[in-house]
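Peer 1: Residue numbers (this note's numbering): 16 to 322. Idealized CB from N, CA, C, for every residue including glycine. Every value quoted in this text rests on a predicted model; they were computed, and no experiment measured them.
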């Protein structure tokens, strides 16, 4: 004799689940996490790995100029002043504000023309007329672009090695150049920019039990960031995130399973500033059942969207 199986589902089960997730969303809101999609509460509770942004999440997103590298015969002020002249405060760009703050008072004169940064040129340029001298041009931008601009300057050959050294320390770098009286471009130096970690990043990531914050992961936190230059492992170590390797950009689907810092290689034709997580997600799906992406709020007053 054969019978038909009967599956019984309580009528009120969907309502109970909705209420439960709403209560969870309310609890997360008290912990400074805003839930815009209720099923995200259930998904968040099931993830094993969180891929977190670095800038503004693990770090303070407050750039400061570290000790620069200067070309032979150039001092610190001779690098900072042109970098500040090639910056504009009204744009409220963090990099420009960092250079203006480091330079302090600008030399007397007037900026006659300013060309803002764009993704193609990868540099800014300004024409400056000093109060007691001839007009000259200044430019700041990606080190490789400024080095190509100063191709006739022997000091430009050192830009690549200097940039790699700064990158190994966790700095992003910009190079600065100006024109000489003959109109040729001369390299002035390379300026490293530091983004200090938040005070409680390490405690949040390495907490052995659920912290007061809204997110606790049973396994690991991964620091993901776009790759726009040499490898920079130091940003992951800085806030206390253990660095055990990186995902090779030439083989995005071959996992480095113990890694805590992953990078992405930006194709030359892709100029979007936001990284694409698909390659890292495919890698993490192999060793981890659930992988999530988002911002990890590490400060008591921080608010993170959960969606």
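Going by the CB atoms, is the gap between residue 137 and residue 191 shorter than 8 Å?
Peer 2: Locating residue 191 in the chain shown gives position 176, where the first residue counts as 1. Locating residue 137 in the chain shown gives position 122, where the first residue counts as 1. Taking 8 Å as the Cβ cut-off, residue 191 and residue 137 do not qualify as a contacting pair.
Peer 1: Identify whether residue 195 lies in helix, strand or coil by the three-state DSSP scheme.
Peer 2: One-based indexing of the chain shown puts residue 195 at position 180. Here residue 195 sits in coil by DSSP.
Peer 1: Do we get a CB-CB distance below 8 Å when we pair residue 198 with the residues of chain C?
Peer 2: The structure shown contains no chain C, having only a single protein chain.
Peer 1: Hey, quick one: how far does the alpha helix (DSSP H) through residue 182 stretch, first residue to last?
Peer 2: Locating residue 182 in the chain shown gives position 167, counting from the first residue. 174 to 183 is the extent of the alpha helix (DSSP H) around residue 182.
Peer 1: Short of 6 Å in beta carbon distance, which residues of its chain neighbour residue 202, apart from the five on each side in sequence? Order them along the chain.
Peer 2: In the chain shown, the residue the question calls residue 202 occupies position 187. Taken in chain order, the residues that qualify are 86, 165, 168, 170, 171 and 192.
Peer 1: Specify the secondary structure class of residue 67 as computed by DSSP and reduced to three states.
Peer 2: Within the chain shown, numbered from 1, the residue matching residue 67 stands at position 52. Strand, per DSSP.
Peer 1: If I follow the unbroken alpha helix (DSSP H) through residue 159, where does it start and stop?
Peer 2: Against the chain shown, residue 159 aligns to sequence position 144. Start and end: 158 to 164.
Peer 1: Going straight from the alpha carbon of residue 31 to that of residue 139, what length do you get?
Peer 2: Residue 31 sits at position 16 when you count from the first residue of the chain shown. Residue 139 sits at position 124 when you count from the first residue of the chain shown. When rounded, the distance between both Cα atoms is 57 Å.
Peer 1: Determine contact between the segment 70 to 80 and the segment 32 to 43, defined as no fewer than three beta-carbon pairs at a distance below 8 Å.
Peer 2: With the cut-off at 8 Å, the segment 70 to 80 and the segment 32 to 43 do not touch.
Peer 1: CB-CB under 6 Å to residue 161, same chain, minus the five flanking residues each way: which ones, in chain order?
Peer 2: The count along the chain shown starts at 1 and reaches residue 161 at position 146. 190 and 192, listed in sequence order.
Peer 1: Just curious, the alpha helix (DSSP H) that residue 39 is in, first and last residue?
Peer 2: The residue labelled residue 39 in the question sits at position 24 within the chain shown. Unbroken alpha helix (DSSP H) run through residue 39: 28 to 45.
Peer 1: With distance defined between alpha-carbon atoms, name the residue in 28, 141 and 96 nearest to residue 204.
Peer 2: Reading the chain shown from its first residue, position 189 is the one you call residue 204. Per the Cα distances, 96.
Peer 1: Under a Cβ-count criterion, where at least 16 other Cβ atoms within 10 Å of its own Cβ denotes burial, should residue 111 be classed as buried or exposed?
Peer 2: In the chain shown, counting from the first residue as 1, residue 111 sits at position 96. So residue 111 ends up on the buried side.
Peer 1: Out of 90, 71 and 83, which one is the CA nearest neighbour of residue 210?
Peer 2: Within the chain shown, the letter at position 195 stands for residue 210. Closest by alpha carbon: 71.
Peer 1: With a threshold of 16 other CB atoms inside 10 Å of the CB of residue 134, please say whether the residue is buried or exposed.
Peer 2: The count along the chain shown starts at 1 and reaches residue 134 at position 119. When all chains shown are included, residue 134 counts as exposed.
Peer 1: Which value, in whole angstroms, describes the spacing of the CA atoms of residue 152 and residue 213?
Peer 2: Within the chain shown, residue 152 is the residue found at index 137, counting from 1. Within the chain shown, residue 213 is the residue found at index 198, counting from 1. If I take the Cα positions, the gap works out to 38 Å.
Peer 1: Residue 125 by DSSP, collapsed to three states: which one?
Peer 2: By one-based count along the chain shown, residue 125 stands at place 110. Three-state DSSP puts residue 125 in a strand.
Peer 1: With DSSP collapsed to three states, give me the class of residue 229.
Peer 2: As a first step, residue 229 must be located in the chain shown, where it is residue number 214. Because the pLDDT of residue 229 is 44, which lies under 50, any placement of that residue in the model is unreliable, and the number read from its coordinates should be weighed accordingly. Residue 229 falls in the coil class under three-state DSSP.
Peer 1: Give every residue of the same chain whose Cβ lies closer than 7 Å to the Cβ of residue 129, excluding the five residues on either side of it in the sequence, and list them in chain order.
Peer 2: Reading the chain shown from its first residue, position 114 is the one you call residue 129. Same-chain partners within the cutoff: 103 and 141.
Peer 1: For residue 82 and residue 66, what's the separation of their Cα atoms in angstroms?
Peer 2: Looking up residue 82 in the chain shown gives position 67. Looking up residue 66 in the chain shown gives position 51. About 31 Å.
Peer 1: If we count the other Cβ atoms within 10 Å of its Cβ and call it buried at 16 or more, is residue 206 buried or exposed?
Peer 2: The residue labelled residue 206 in the question sits at position 191 within the chain shown. Residue 206 is buried by the Cβ-count criterion.
Peer 1: How is the alpha helix (DSSP H) around residue 97 delimited, first residue to last?
Peer 2: In the chain shown, residue 97 corresponds to position 82, counting from 1. Counting along the chain, the alpha helix (DSSP H) containing residue 97 begins and ends at 91 to 100.
Peer 1: Measuring only the C-alpha atoms, how far is residue 194 from residue 216?
Peer 2: Walking along the chain shown from the start, residue 194 turns up at place 179. Walking along the chain shown from the start, residue 216 turns up at place 201. Going by the C-alpha atoms only, they are around 43 Å apart.
Peer 1: Which residue or residues does DSSP assign as beta-bridge partners of residue 144?
Peer 2: In the chain shown, residue 144 corresponds to position 129, counting from 1. The partner list for residue 144 (beta bridge, DSSP) reads 125.
Peer 1: Using three-state DSSP, classify residue 368 as helix, strand or coil.
Peer 2: Lying outside 16 to 322, the shown extent of the chain, residue 368 is not represented and no answer is given.
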